[in-house]
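Visitor: Here numbering that gives the first Met the number 0 is used: position 226 in the sequence shown is 225, and no number is missing along the way.
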Amino acid sequence: MRTGARLPAALVALPILLLLVVPMVALALASAPGDLIDAMRDPLFLPALLLSARTTVVSLVLVTVMGTPLAWWLGRSRSRLARTVEVLVDLPIVVPPAVVGIALLQTFGRRGLFGGWLAAAGLQIPFTTTAVVLAQLVVSAPFFVQAASAAFRSVDEDLLIVARTLGQSPLGAFFRVAVPVALPGVVVGAALAWARALGEFGATLLFAGNLPGTTQTMPLAIYMALESDVRVALALALVLAVAALALLLLLRAAPALWERVGTAAVAATPVEAETGA
């Protein structure tokens with residue numbers, strides 16, 4: 000009965016599995032290695048790759064630095080205010096990226112909410128590299144905050160109490176106890192945020208534009224290359240796909256690696272103590 004039940008389930012699941020896998024296989028088979036190398040030499044390729052790498056690293060650092068305190072508060076607080084803030088933080092996930100781009104224009108644009116103040120200070124944000132970073136930050140931050148807050152929520156309160164009784168300040172208990180315990184979840188959140196920033200398209204296009212060397216990230220370069228040279232579009236798409244695959248494999252392996260590191264550290268502690276004695 001079990002074998003008979005599994006067979007219909009597998010047949011039902013097969014179409015969606017094929018729909019998920021076959022396009023990626025088709026992308027990998029779309030061009031020969033020689034065509035891929037030629038496409039990478041296109042003037043459009045390297046600037047977009049470098050800009051995406053630079054802006055996503057900056058946005059990831061900002062998300063991590065600013066999002067960690069917020070994730071800690073959301074993970075440890077049970078107040079109604081925290082739940083309301085949590086909904087607002089998750090909003091960019093469900094709002095279309097094009098809406099996020101228009102909202103950023105209405106905030107930082109010349110006629111936006113802060114446009115007058117920025118103009119008076121001689122600053123322009125839209126259609127600059129800074130706009131790319133802001134767009135990536137807004138769309139990727141919820142993924143980090145979600146994962147990090149869930150990780151901080153799992154930290155045992157007794158561990159923090161013991162750390163405080165041993166003389167640690169609240170900040171010391173956070174960095175020496177909470178962060179190491181929650182680190183796997185925080186790393187997963189950072190990886191998801193980086194992946195979302197790397198693939199950002201709609202908000203960047205409307206808020207930062209598509210200026211080669213300044214705001215043209217890899218997704219925007221793919222869009223532009225499709226109108227002139229499909230080989231370049233394929234090369235960019237393959238690079239993004241490979242980066243996503245590498246990230247996925249890393250996320251899959253991270254929990255096991257972290258467990259091995261923790262086990263090795265625990266096993267080495269008595270030896271170190273005996274050596275010290």
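Each residue gets a CB set at the ideal place from its N, CA and C atoms; glycine is no exception.
Being a predicted model, the structure only gives us computed values, none of them experimental.
1. Looking at C-alpha atoms only, which residue of LEU205, THR128, SER30, LEU225 is the closest neighbour of THR54?
2. Check GLN215 in the structure and name its three-state DSSP category.
3. Given this structure, state the Cα-to-Cα distance separating VAL21 from ALA29, to the nearest angstrom.
4. Starting from ARG77 and walking both ways along the alpha helix (DSSP H), at which residues does that stretch end?
5. Are GLY201 and PRO96 touching if we call contact CB-CB under 8 Å?
6. For ALA146, is the classification buried or exposed, using 16 other Cβ atoms within 10 angstroms of its Cβ as the cut-off for buried?
7. Can you tell me the Cβ-Cβ gap for PHE151 and ALA181, rounded? I've got them flagged as a contact below 8 Å.
8. Whole-angstrom Cβ separation of SER153 and ARG195, contact assumed at under 8 Å?
9. Have a look at ALA118, GLN167, MET217, LEU256 and flag the residue whose alpha-carbon is nearest the alpha-carbon of LEU50.
10. Is any non-hydrogen atom of the ligand SAM found closer than 7 Å to the C-beta of ARG195, if you look at the structure I gave you?
11. Note down, in chain order, each residue of its chain lying with its Cβ closer than 7 Å to the Cβ of ALA172, except the 5 sequence neighbours on either side.
12. Taking the alpha-carbon of LEU73 as reference, which of PRO125, VAL86, VAL62 has the nearest alpha-carbon?
13. In whole angstroms, what is the alpha-carbon distance linking GLY333 and SER148?
14. Examine chain B for any beta-carbon lying closer than 8 Å to the beta-carbon of GLY74, and answer yes or no.
15. Return the chain-ordered list of same chain residues with a C-beta closer than 6 Å to the C-beta of ARG109, the five sequence neighbours on each side being excluded.
16. Does TRP116 pass the burial test, meaning 16 or more other C-beta atoms within 10 Å, or should it be called exposed?
17. Which residues in the same chain as ALA118 place their Cβ atom closer than 8 Å to its Cβ, once the five residues preceding and following it in sequence are excluded?
18. Between MET23, VAL88, VAL229, ALA102, which lies nearest to ASP34 when the distance is taken from Cα to Cα?
19. Hey, could you find the ends of the alpha helix (DSSP H) ILE160 is sitting in?
20. In angstroms, rounded to a whole number, what distance separates the CA positions of PRO211 and SER227?
21. Counting C-beta neighbours from all protein chains within 10 Å, is the total for LEU17 16 or more, i.e. buried, or is it exposed?
22. In terms of alpha-carbon separation, which member of LEU19, ARG77, LEU43 lies closest to LEU336?
23. Indicate the three-state DSSP secondary structure (helix, strand or coil) for VAL11 in the structure shown.
24. Which two residues bound the contiguous alpha helix (DSSP H) that contains PHE107?
Guide: By the coordinates alone:
1. Among LEU205, THR128, SER30, LEU225, the Cα nearest to that of THR54 is on THR128.
2. Reduced to three states, the DSSP call for GLN215 is coil.
3. VAL21 and ALA29 have their alpha carbons spaced roughly 12 Å apart.
4. Premise fails: ARG77 is in no alpha helix (DSSP H) and is neither H nor E.
5. Taking 8 Å as the Cβ cut-off, GLY201 and PRO96 qualify as a contacting pair.
6. It counts as buried.
7. About 5 Å separates the CB atoms of PHE151 and ALA181; that is less than 8 Å, so the two are in contact.
8. With a beta-carbon spacing of about 23 Å, SER153 and ARG195 fall beyond the 8 Å limit used to define contacts.
9. Nearest of ALA118, GLN167, MET217, LEU256 to LEU50, Cα basis: MET217.
10. The ligand content of the structure shown is nil, which means the ligand SAM is not present either.
11. Counting only residues of its own chain and dropping the five nearest sequence neighbours on each side, ALA172 has a CB closer than 7 Å to the CB of LEU159, ALA162, ARG163.
12. Just measuring C-alpha positions, the residue of PRO125, VAL86, VAL62 sitting nearest LEU73 is VAL86.
13. No answer is possible for residue 333: it lies beyond the span of the chain, which begins at 0 and ends at 276.
14. In the displayed structure, chain B is absent; only one protein chain is listed.
15. Excluding five sequence positions before and after ARG109, none of the CB atoms of its chain fall closer than 6 Å to its own CB.
16. Residue burial annotation: TRP116 is exposed, with fewer than 16 other C-beta atoms found within 10 angstroms of its C-beta.
17. For ALA118, same chain residues with a beta-carbon under 8 Å away, outside a window of 5 residues either side, are ARG109 in chain order.
18. Comparing Cα positions, the closest option is VAL229.
19. 156 to 164 is the span of the alpha helix (DSSP H), which, as asked, contains ILE160.
20. Roughly 15 Å separates the two Cα atoms.
21. Exposed: under 16 other Cβ atoms inside 10 Å.
22. This structure leaves residue 336 out entirely; the chain is present only between 0 and 276.
23. If DSSP states are grouped into helix, strand and coil, VAL11 belongs with the helices.
24. 96 to 107 is the extent of the alpha helix (DSSP H) around PHE107.
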